[in-house]
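Enquirer:
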Amino acid sequence: MKWNLPNILTLLRLVAAPGVAVMFLYFTRPYADWFALVLFVGAAVTDWFDGYLARAWGQETKLGAMLDPIADKAMVVIALMVIVAFSSWSPWLVLPATLILFREVFVSGLREYLGDVAGTLKVTQLAKWKTTLQMIAIAVLFSQGVFEHYLGMSVFGMDQQMIEAILDGEVEDTLGLGWKLAGMEWAGL
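In terms of my numbering, the sequence shown opens at residue 3 and continues consecutively.
1. Whole angstroms is fine: what's the gap from S89's alpha carbon to V40's?
2. For the pair the region 127 to 140 and the region 23 to 35, tell me if three or more CB-CB distances fall below 8 Å.
3. On a CA-only basis, which of G111, I102 and D74 is nearest T12? Give me that one, please.
4. Do three or more CB pairs link the region 92 to 112 to the region 37 to 52 at distances below 8 Å?
5. Quick one: grab the DSSP three-state call for W50.
6. Take the Cβ of V17 as the centre, count every other Cβ of all protein chains shown within 10 Å, and call the residue buried at 16 or more, exposed below.
7. Can you give the Cα-Cα distance for L116 and V148, rounded to whole angstroms?
8. So L7 and L55 are supposed to be a Cβ contact under 8 Å. How far apart are they, rounded?
9. To the nearest angstrom, how far is the alpha carbon of Y33 from that of T133?
10. First and last residue of the alpha helix (DSSP H) that includes R15?
11. Of all the alpha helix (DSSP H) runs that stay within the bounds of the region 98 to 144, which reach a length of 4 or more residues?
12. Which residue marks the beginning of the alpha helix (DSSP H) containing G66, and which one marks its end?
13. Using only CA atoms, which one of R15, W5, L128 and A19 lies nearest to L82?
14. Rounded to whole angstroms, how far is the Cβ of I85 from the Cβ of L143, which I believe are closer than 8 Å?
15. Within 10 Å of its beta-carbon, does M68 have 16 or more other beta-carbons around it, so buried, or fewer, so exposed?
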């Protein structure tokens, strides 16, 4: 197996995912918020670059195709766990995060069930937008702690209800895509 830059970027994103949680173990807030935000945004940017470079340089590999969705899911799952852990544990925050996590596991299980057929399913533009929106929403949620500490105010007036609304929107996006994939399986696509 030959390593190339797109695969290395994907692997770095996979390693960065638990790094977000580690920031909260080794640093106090707001430093943990800052470091986690920078690490998360940096890793999220590589999600675009690895795919772009792989296509542009003709370096698409099975390894990259396998690791990319794993890295995306690891980033989302770990970031949501950290956000929920450092929140008030409001049911209106825990429930949307739980549904998003369920969808991520469900889609992974569906792809595993489909086996080789799943390998022929191309990533849709809708899936790319969903991932982009998830990354942006999570970055906004991480930035809340930074802005609250340094500015003494909520991010753009964001309070607990706003955080819950952001996650609710992500639930709608992610569950919709999960149902689309399930429908494709039942339709034999």
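C-beta: ideal position from N, C-alpha, C; glycine also.
Expert: In this structure, then:
1. The residue given as residue 89 occupies position 87 in the sequence shown. The residue given as residue 40 occupies position 38 in the sequence shown. If I take the Cα positions, the gap works out to 20 Å.
2. no
3. Here the question's residue 12 lines up with position 10 in the sequence shown. When each option's Cα is compared against that of T12, the closest is D74.
4. Cβ pair count under 8 Å is below three, so no.
5. Your numbering for residue 50 matches position 48 in the sequence shown. Residue state, collapsed to three classes: helix.
6. As a position in the sequence shown, residue 17 is number 15, starting the count at 1. Exposed: under 16 other Cβ atoms inside 10 Å.
7. Your numbering for residue 116 matches position 114 in the sequence shown. Your numbering for residue 148 matches position 146 in the sequence shown. Using only the alpha carbons, I get a separation of about 42 Å.
8. Here residue 7 is taken as the residue at index 5 of the sequence shown, counted from 1. Here residue 55 is taken as the residue at index 53 of the sequence shown, counted from 1. About 6 Å; that satisfies the 8 Å criterion.
9. As a first step, residue 33 must be located in the sequence shown, where it is residue number 31. As a first step, residue 133 must be located in the sequence shown, where it is residue number 131. Those two C-alpha atoms are separated by around 26 Å.
10. Locating residue 15 in the sequence shown gives position 13, where the first residue counts as 1. Looking at the DSSP string, the run of the alpha helix (DSSP H) that includes R15 is L7 to Y28.
11. 118 to 122
12. The residue you call residue 66 lines up with position 64 of the sequence shown. First-last of the alpha helix (DSSP H) with G66: K64 to A87.
13. Walking along the sequence shown from the start, residue 82 turns up at place 80. Checking every option, the nearest Cα to that of L82 belongs to A19.
14. By 1-based counting over the sequence shown, the position of residue 85 is 83. By 1-based counting over the sequence shown, the position of residue 143 is 141. About 5 Å; that satisfies the 8 Å criterion.
15. Here the question's residue 68 lines up with position 66 in the sequence shown. Exposed, by the Cβ-count rule.
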